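Asker: This is the structure I have questions about; it appears just below.
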Amino acid sequence: MPLPLQITPLGPRHKPIAALTLLSAIFMIIGCSDEPSQSGTTTSSGSGGAGGGGGSGGAGAGPHSLRVAQYNIYFLDTSKLTGAGPQIEAAVQVVTRFNPDVLAVNEFQYDVEGTPPPPGTINGSGLNGARLMDRLNAVTQGAPYTHHLITFGNSGVSWSGYDGATDDPYFSEAGEGSTPGMFNYAIISRYPILADQARLIVDVPWLALEGHSGDALALATGITVPEDYPLFAKGLLIVPIQVGDHVLHVIANHPFPPIAHVVRPYRHHDEILGMKLLLDGNLPGVDPLPPDARFVIAGDLNVDPDDGDALPGTIDLLFDHPLVIPSQPADGYGSVGHTPEQNTQASACPSSSAPDPSTENQFQLDYLMPSTSIGEPLGTGMFFPDPTSTDWALACEASDHMLLWADLPW
C-alpha cells in the first residue's frame, strides 16, 4: 500500500516588485463569419487600466505597450461557448472591460468531432477558439480580435504505454480528464499568431528530466513512474506572436494541482522544473527559445508560494530564474492566507449568488511573468473585486479564478 504523502510547509513568499508584472499565453487562427471566424483585420485603439490595450494588429512598428491577460475561465466547454448562459456572458464582460491585446485562457475545451486528434495538435478542426473570439468581438469597444489558437493536449487521453499488471492506475491516462480534449489552452490576439511555429510539448518523458523527482516519489509512496510516461499532463505551450518588429513568445502551462493523488505533487513540481529547463535550453528533445527571446510565462500554475500542498520550492524554480521577472499584482481583495492581496483564486466561485469568498479557500495560483528582455511591466493588476461591491457578483459568476493583466513595454 502506498505510504502517506508528507508535505513540508513552504518558505516565505516572494514579495511583489514595484510596478510589477503579469503576462499571458496565446493561440490563434484568423476569423469572421456566421460560423466561427476565419479571417479579419484590426483597426482602432484604446488605453487605460480597466479600459485596456487596443493596439493595432498590423506588422508595423508596434505599440508602445502591449496588454496581456491571463484568465482561467472555469471549464469553458462547447455548450457554454455556443449558449447564452450567465457564466460565459460574465467572462466576456470581464475580458472586454480590461481589453487585453493578447488573452491566454486555461480550462478551454477542444471540441472533438468524431475521432480525437493526436495530442500535440494546434488548431486542427477545433472551432471553440473562434467562438470565443467572436463573442468578444461582439461587445468589445477596442480593436477587434483577429487571431486565435487552440490546442489538443494530453487531457483525457489514454496512455498507450500503460501496463495494468505493473503500473499504478494513475498512469492509465496521459493527462486527467473525463473526455478527450477536456482541459486545454486558447489564445486570442489582435496580433498575428505564428501558428506554424507554435509548439505544444506533450511527449517529453518524465524520467528524462534532469533532476526529476521520480525517485523521491517512489521512496515516499512506493509508486514507480513508468518509462516514457509523459511529463506534461496537458502540454507545455510555446506560441510566438508577431507584435510590430518583435516576437512575443507566450509560454503557457496548467499543471494539475498537487492534491487528490499522491503522484500529483511530484509531477506538478517537475512540470515547473520542465519550464525552467526550457528557459535553460535543457528540456530533453525540445529546441530552446531564440537567444534574447522576449517571452511571458502565463498560466494557472496551481502553486501558491506560501499556502497549499505543492512541494517546497516549486515556484522558486521560476521566481529565481535569471531570465524571469517574478512579479505579481498585489491589488486584489482576497482575505485568506499569508498574502491575501495576491490571491487569484476563490473556491467559493463560480457562483451566481455572490458568496462571501472568505468562507472557503483562496490561493495565489495564476501568474504572468515577463522576461528580463522585455523589462518591468508598465502596470499590472487583477480583477478580484471588493466582495461588498457589485463587481464581485460579476467576477464570481465568471470563474473561480480572477483575470490578471500586465502592460508590457514594447
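Using this note's numbering, the letters of the sequence shown map in sequence onto residues 10 to 419.
Even for Gly, the Cβ is constructed at its ideal location relative to N, Cα and C.
Keep in mind the model is a prediction, meaning the values are calculated, not measured.
#1: With a cut-off of 8 Å on the beta carbons, I'd call Asn262 and Gly308 a contact; round off their distance for me.
#2: Can you grab the Cα-Cα spacing for the pair Pro128 / Pro379, in whole Å?
#3: Identify, in the order they occur along the chain, each residue of the same chain with its Cβ nearer than 6 Å to the Cβ of Pro249, setting aside the five sequence neighbours on each side.
#4: Quick one: what's got a C-beta closer than 7 Å to Leu209's C-beta in the same chain, skipping five residues either side?
#5: Let's see if you can read the secondary structure: which residues bound the beta strand (DSSP E) around Gln251?
#6: Keeping to the same chain, check which residues put their C-beta closer than 7 Å to that of Tyr342; ignore five residues upstream and five downstream.
#7: May I have the straight-line CA-CA distance separating Glu98 from Pro331, to the nearest angstrom?
#8: Expressed to the nearest angstrom, what Euclidean distance is found between the alpha-carbon atoms of Leu310 and Pro235?
#9: Please tell me whether Leu288 and Leu326 are closer than 7 Å, where the distance is taken between their beta carbons.
#10: Helix, strand or coil, according to DSSP, for Leu286 in the structure here?
#11: Write down every uninterrupted run of the alpha helix (DSSP H) in the stretch 302-334 whose length is 4 residues or greater and which is fully enclosed by it, in chain order.
#12: Between which two residues does the alpha helix (DSSP H) containing Gly390 stretch?
#13: Should Asp279 be labelled buried (16 or more other beta-carbon atoms within 10 Å of its own) or exposed?
#14: Report buried or exposed for Pro297, applying the criterion of at least 16 other Cβ atoms within 10 angstroms of its Cβ.
#15: Run through DSSP, which three-state label would His277 get?
#16: Would you kindly work out how many angstroms separate the C-alpha atoms of Leu90 and Leu145, rounded to a whole number?
#17: Please classify Asp93 as buried or exposed, where buried requires at least 16 neighbouring CB atoms within 10 angstroms.
#18: Report the residue from Val148, Ser88, Gly253 whose alpha carbon sits nearest the alpha carbon of Phe117.
#19: Could you tell me which whole beta strand (DSSP E) segments of length 3 or greater appear in the stretch 129-195?
#20: According to DSSP, Ala242 sits in a beta bridge with which residue or residues?
#21: When we look at the beta-carbon of His157 and count the other beta-carbons within 10 Å, is it buried (16 or more) or exposed?
Answerer: If we stick to the structure as given:
#1: Between Asn262 and Gly308, the beta carbon gap of about 5 Å places them in contact (Cβ cut-off 8 Å).
#2: Distance from the CA of Pro128 to the CA of Pro379, rounded to the nearest whole angstrom, comes to 27 Å.
#3: Closer than 6 Å at Cβ, skipping near neighbours: Leu203, Gln206, Val256, His258.
#4: Cβ neighbours of Leu209 beyond the five flanking positions: Gly129, Ile131, Thr160, Gly162, Gly244, Leu246.
#5: Its beta strand (DSSP E) spans residues 245-252.
#6: Residues Phe393, Pro394, Asp395, Pro396 of the same chain have their beta carbon placed closer than 7 Å to that of Tyr342, with the five preceding and five following residues left out of the count.
#7: Just so you know, the alpha carbons of Glu98 and Pro331 end up roughly 40 Å apart.
#8: Rounded to the nearest angstrom, the two C-alpha atoms are 24 Å apart.
#9: The answer is no: Cβ separation not under 7 Å.
#10: In the structure shown, Leu286 sits in a helix (DSSP, three-state: H, G or I).
#11: 325-328, all fully within the stretch 302-334.
#12: Per DSSP, Gly390 lies in no alpha helix (DSSP H); the unbroken beta strand (DSSP E) holding it starts and ends at 388-391.
#13: Its Cβ being crowded by 16 or more others within 10 Å, Asp279 is buried.
#14: Flag for Pro297 reads exposed.
#15: Three-state result, His277: helix.
#16: Approximately 11 Å between the Cα atoms of the pair.
#17: The question names Asp, yet the displayed sequence has Ala at residue 93. Around the CB of Ala93, fewer than 16 other CB atoms lie within 10 Å, so the residue is classed as exposed.
#18: Nearest option by C-alpha distance: Ser88.
#19: If we require 3 residues or more, the beta strand (DSSP E) runs fully inside the stretch 129-195 come out as 156-161, 182-184.
#20: Paired residues: none, contrary to the question.
#21: Buried, since its Cβ has 16 or more Cβ neighbours within 10 Å.
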